[in-house]
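Numbered according to my numbering, the sequence shown spans residues 1 to 333. Glycine included, every Cβ here is placed at the ideal spot set by N, Cα and C. A quick note: this is a predicted structure, and the numbers were derived from the prediction, not measured.
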Amino acid sequence: MNQYDFQKTLKKYLAGQHTQEEEDFILDHFKNNPIQEMPVFEDEKAVIGKRIKKKLVANTIGEPLLIRLRPYLAAAASILVVLGFWYFLVKKNAPETIAEMDFSPNDSVIEIKNTSGKSQNIPMEDGSIVILQKNSSISYPEHFGEKNRLVYLHGEAFFQIKRNPAKPFIVSTGTLVTKVLGTSFTIKSYDESASVEVQVKTGRVSVYEGAANNVVNRNGVILTPNQKIVFDKKSKKIELSIIENPMLVIPVSETEHGFTFSEVPVKHVFSALEKSYGIDIVLENDSTDSCLFTGDLNGLSLFQQLDLICQSANITYERRGTALFVQGAGCGD
Numbered sequence: 001m002n003q004y005d006f007q008k009t010l011k012k013y014l015a016g017q018h019t020q021e022e023e024d025f026i027l028d029h030f031k032n033n034p035i036q037e038m039p040v041f042e043d044e045k046a047v048i049g050k051r052i053k054k055k056l057v058a059n060t061i062g063e064p065l066l067i068r069l070r071p072y073l074a075a076a077a078s079i080l081v082v083l084g085f086w087y088f089l090v091k092k093n094a095p096e097t098i099a100e101m102d103f104s105p106n107d108s109v110i111e112i113k114n115t116s117g118k119s120q121n122i123p124m125e126d127g128s129i130v131i132l133q134k135n136s137s138i139s140y141p142e143h144f145g146e147k148n149r150l151v152y153l154h155g156e157a158f159f160q161i162k163r164n165p166a167k168p169f170i171v172s173t174g175t176l177v178t179k180v181l182g183t184s185f186t187i188k189s190y191d192e193s194a195s196v197e198v199q200v201k202t203g204r205v206s207v208y209e210g211a212a213n214n215v216v217n218r219n220g221v222i223l224t225p226n227q228k229i230v231f232d233k234k235s236k237k238i239e240l241s242i243i244e245n246p247m248l249v250i251p252v253s254e255t256e257h258g259f260t261f262s263e264v265p266v267k268h269v270f271s272a273l274e275k276s277y278g279i280d281i282v283l284e285n286d287s288t289d290s291c292l293f294t295g296d297l298n299g300l301s302l303f304q305q306l307d308l309i310c311q312s313a314n315i316t317y318e319r320r321g322t323a324l325f326v327q328g329a330g331c332g333d
């Protein structure tokens, strides 16, 4: 049972809407997995205390009281502790992934697992589209809450999100949270993988560690088109870079020369590419000032375009984070 399913079962238990099997699971879980040093809240104590007391009375006839009570007392103590933990996470917006949850425990939960050999299109009630890749699953409430639109992802999916500034769309992968208003992006987060990857196609995405201890200073970044992050689950480090195949963010027709150049200064060609792909291209020296470029770059990928330009101008480039840096001898005498 994953974290989402466990929280849902616990809330059903608190609301008195559980089955006998679910009650047995909750009692057994907390009896065998006591949690220490968590806050306890009085309103949850009253609810769970009555239910545990009823359970104790029903199961202590015919045996010494303390012997029969012992496992249930342990379970009760653990549950009271976890209730405070649950309250702290869900109701008080603690800096955990589950804190982003905004739906009623009575809502139906939709879980879709893609066991086919091809991607699966999933339309959401808000007009967003999720393209779920094979061997991946997604869980979300039947109806989104009033404050946000939360889904849980295991595996890989492409998200095309309907813009709604009043209700952010949040994707939780357990270790990493991706929060957007309206954009398109891809998340790869397989349970067996050592890392989580987020790539942005359009718009802006806030990506941050879901289990941060300090809500004021979370480990996270803002991603823009053609940028990606790789989050190492073990070290908690975030590596920011350019995606492997950057896409145009501004149509070629809106640039000064399009992608066909005739005796155009190389620095102007770089400027056109920078504008078209939304990627910073930094000229580290003035080696390109006297270089002119003639050529047709249409139909080539960004890095093929850069290779062609650099070969013609006797320069090189390298990737550093989310920028490209150009250097070399250039076209001087």
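Report the residue from A166, A157, V109 and P168 whose alpha carbon sits nearest the alpha carbon of H143.
-> Here residue 143 refers to the residue found at position 143 of the sequence shown. The residue with the shortest Cα to Cα distance from H143 is V109.
Can you tell me whether DSSP reads E42 as helix, strand or coil?
-> The residue you call residue 42 lines up with position 42 of the sequence shown. Interpretation of E42 is limited by its pLDDT of 40, a score under 50 that renders its predicted location unreliable; no figure is taken from the coordinates.
Three or more C-beta pairs closer than 8 Å, one from the segment 200-208 and one from the segment 179-187: is that the case here?
-> As far as the Cβ criterion goes, the segment 200-208 touches the segment 179-187, which means the pair count is three or higher.
Which partner residues does V180 have in the DSSP bridge list?
-> Sequence index remark: in the sequence shown, residue 180 carries index 180 (1-based). Beta-bridge partners assigned by DSSP to V180: F169.
Going by DSSP, which residues form a beta bridge with R319?
-> Within the sequence shown, numbered from 1, the residue matching residue 319 stands at position 319. According to DSSP, R319 bridges with L324.
What's the gap between the Cα of E192 and the Cα of H154?
-> Position 192 of the sequence shown holds residue 192. Position 154 of the sequence shown holds residue 154. If you take the alpha carbons of E192 and H154, they lie about 10 Å apart.
Rank V130, F303 and I129 by C-alpha distance to the C-alpha of R319 and give the top, closest one.
-> By one-based count along the sequence shown, residue 319 stands at place 319. Distances from the alpha-carbon of R319 to those of V130, F303 and I129 put F303 closest.
Relative to the C-alpha of F231, which residue among V205, V249 and K188 is closest?
-> Translated into the one-based positions of the sequence shown, residue 231 becomes position 231. When each option's Cα is compared against that of F231, the closest is K188.
Drop a sphere of 10 angstroms on the beta-carbon of T322, count the other beta-carbons inside from all chains shown, and report buried for 16 or more, exposed for fewer.
-> Residue mapping note: residue 322 aligns to position 322 of the sequence shown, counting from 1. Flag for T322 reads buried.
Sorted by chain position, which residues of the same chain lie with C-beta nearer than 8 Å to S195's C-beta, five sequence neighbours on each side aside?
-> Looking up residue 195 in the sequence shown gives position 195. Hits under 8 Å: V230, F231, D232 and K233.
Distance, F261 Cα to T175 Cα = Mapped onto the sequence shown, residue 175 falls at position 175. Mapped onto the sequence shown, residue 261 falls at position 261. Using only the alpha carbons, I get a separation of about 47 Å.
When the Cα atoms are used, what is the spatial distance from L273 to Y140?
-> Here residue 273 refers to the residue found at position 273 of the sequence shown. Here residue 140 refers to the residue found at position 140 of the sequence shown. Looking at the two C-alpha atoms, the distance is approximately 40 Å.
Helix, strand or coil for H268 per DSSP?
-> Walking along the sequence shown from the start, residue 268 turns up at place 268. It is helical.
Counting along the chain, where does the alpha helix (DSSP H) carrying D307 start and finish?
-> Translated into the one-based positions of the sequence shown, residue 307 becomes position 307. Annotation: the continuous alpha helix (DSSP H) that includes D307 extends over L302 to A313.
Do K134 and N121 have their C-beta atoms within less than 8 Å of each other?
-> Taking the first residue of the sequence shown as position 1, residue 134 is located at position 134. Taking the first residue of the sequence shown as position 1, residue 121 is located at position 121. In terms of Cβ geometry, K134 and N121 do not form a close pair [threshold 8 Å].
Inter-residue spacing [alpha-carbon to alpha-carbon] between K275 and E239 | As a working mapping, residue 275 is identified with position 275 in the sequence shown. As a working mapping, residue 239 is identified with position 239 in the sequence shown. Each residue's Cα considered, the two are about 24 Å apart.
Residues bridged to S116 by DSSP?
-> By 1-based counting over the sequence shown, the position of residue 116 is 116. DSSP output for S116 lists no bridge partner at all.
Classify L297 as helix, strand or coil using the three-state DSSP reduction.
-> Sequence index remark: in the sequence shown, residue 297 carries index 297 (1-based). Coil, per DSSP.
Using a Cβ-Cβ cut-off of 6 Å (strictly less than) and excluding sequence neighbours within five positions of I281, which residues of its own chain qualify?
-> Working through the sequence shown from its first residue, we reach residue 281 at position 281. Excluding sequence neighbours, I281 sits near F270, E274 and L324.
With 16 as the cutoff for other CB atoms within 10 Å, does P225 come out buried or exposed?
-> For this step, residue 225 is matched to residue 225 along the sequence shown. Answer is buried; the Cβ neighbour count reaches 16.
According to DSSP, what are the bridge partners of S276?
-> Along the sequence shown, one-based indexing puts residue 276 at 276. DSSP lists no partner for S276.
Is the distance from the Cβ of I250 to the Cβ of Q227 below 8 Å?
-> The residue given as residue 250 occupies position 250 in the sequence shown. The residue given as residue 227 occupies position 227 in the sequence shown. Not in contact: I250 and Q227 (Cβ atoms no closer than 8 Å).
Terminal residues of the beta strand (DSSP E) in which R204 lies | Locating residue 204 in the sequence shown gives position 204, where the first residue counts as 1. For R204, no beta strand (DSSP E) encloses it, and the DSSP letter there is neither H nor E.
For the candidate residues Y190, I161 and F158, whose alpha-carbon lies nearest to that of T362?
-> The structure shown has nothing for residue 362, since the chain only spans 1 to 333.
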